[in-house]
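A.B. asks:
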Amino acid sequence: MSRIANCFAELAGKKALIPFITAGDPNPGMTVSLMHGLVDGGADIIELGVPFSDPMADGPVIQRASERALIHKVGLRHVLEMVAEFRRDNAKTPVVLMGYLNPLCAMGYVEFAKRAKAAGVDGALTVDCPPEEAAELQAALDAEGLDTVFLVAPTTPPERVAEIARLARGYVYYVSLKGVTGAGHLDIDDVARRITALRQQLPLPIGVGFGIRDAATAKAIAVTADAVVVGSRLVQEIEAATPETAREQLTHLVAELKAAIR
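Quick note: the sequence shown uses this note's numbering, first residue 243, plus one each step.
Next up, the structure:
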């Protein structure tokens, strides 16, 4: 059983909290400490963003996080080193790398999968890799026992959902609104209807993200979702904090979100 599957099994029907931060934001020296801060607050799985210069699915908040990391020249190799450092003190919390195909392609899928496994990564979510183009990457990840997490959007047709159901490992990430991360106002009832429909096709846990900004929204989404993913709001917290207060503020906010979905 993968570390992600084991996490959901141990939750036994309780809802998972999946916080997202960008590796290297606000500087490379803080990322591992912030990851431990997320766990201290109650994170069940961590999504760690790989900085990318053209993050097409991300709104301005996460784009700025990537820009801050890229100023320090944080690349995929550095991100893997950060995960390896995190693993020295945490062998339990799953870590999923979230980003775009170019860095993985540049390293080579097989090489990436081997290095990710050695570092302690549990899965990868590549925003711009549709299921129709995922065979080579998935074969490399499968060979190392890593999960491939796919996005499902409100506009995803049933035939593509069926293909994602065949390929996905770990969990499926439902994008709760049309647009970029952190944008718009959630229609909770619409999300609930779509999750109910997706469960007819998807055998894996469904996490919901994009647009969850506070405890009340997280609580409402958790009624039907298996996991709540929060990114932009946490990145904003890091952005507004000082280096001395960032971990404490992040832990406090994650604890609020965790309490709301219990």
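Quick reminder that beta carbons are idealized off the backbone N, C-alpha and C, glycines included.
These numbers were taken from a predicted model, which means no experiment stands behind them.
Are residue 294 and residue 341 closer than 8 angstroms when you measure CB to CB?
C.D. replies: Closer than 8 angstroms, so yes.
A.B. asks: Between which residues of its own chain and residue 409 is the CB-CB distance below 8 angstroms, once the five residues before and five after are set aside?
C.D. replies: Result list for residue 409: 373, 376, 380, 390 and 392, in chain order.
A.B. asks: Residue 365 by DSSP, collapsed to three states: which one?
C.D. replies: If DSSP states are grouped into helix, strand and coil, residue 365 belongs with the strands.
A.B. asks: Please give me, in chain order, every unbroken run of the beta strand (DSSP E) with length at least 3 that falls completely inside the stretch 330-355.
C.D. replies: Whole beta strand (DSSP E) segments, 3+ residues: 337-341.
A.B. asks: To the nearest whole angstrom, what separates the beta carbons of residue 474 and residue 304, a pair I think is in contact under 8 angstroms?
C.D. replies: Rounded, the Cβ-Cβ distance is 6 angstroms, consistent with contact.
A.B. asks: Is residue 391 helix, strand or coil when you go by DSSP?
C.D. replies: Here residue 391 sits in coil by DSSP.
A.B. asks: Going by C-alpha to C-alpha distance, which of 251, 252 and 281 sits closest to residue 489?
C.D. replies: Ranking the options by Cα distance to residue 489, first place goes to 281.
A.B. asks: Flag this pair as yes or no: are the beta carbons of residue 325 and residue 362 separated by less than 8 angstroms?
C.D. replies: Yes, the Cβ-Cβ distance between residue 325 and residue 362 is below 8 angstroms.
A.B. asks: Which residues does DSSP list as the beta-bridge partners of residue 288?
C.D. replies: Residue 288 is bridged to 337.
A.B. asks: By DSSP, does residue 316 sit in helix, in strand, or in coil?
C.D. replies: Here residue 316 sits in coil by DSSP.
A.B. asks: Can you list the beta strand (DSSP E) stretches of 3 or more residues lying completely in the stretch 414-474, in chain order?
C.D. replies: Counting only runs of 3 or more, we get 414-417, 448-451 and 469-472.
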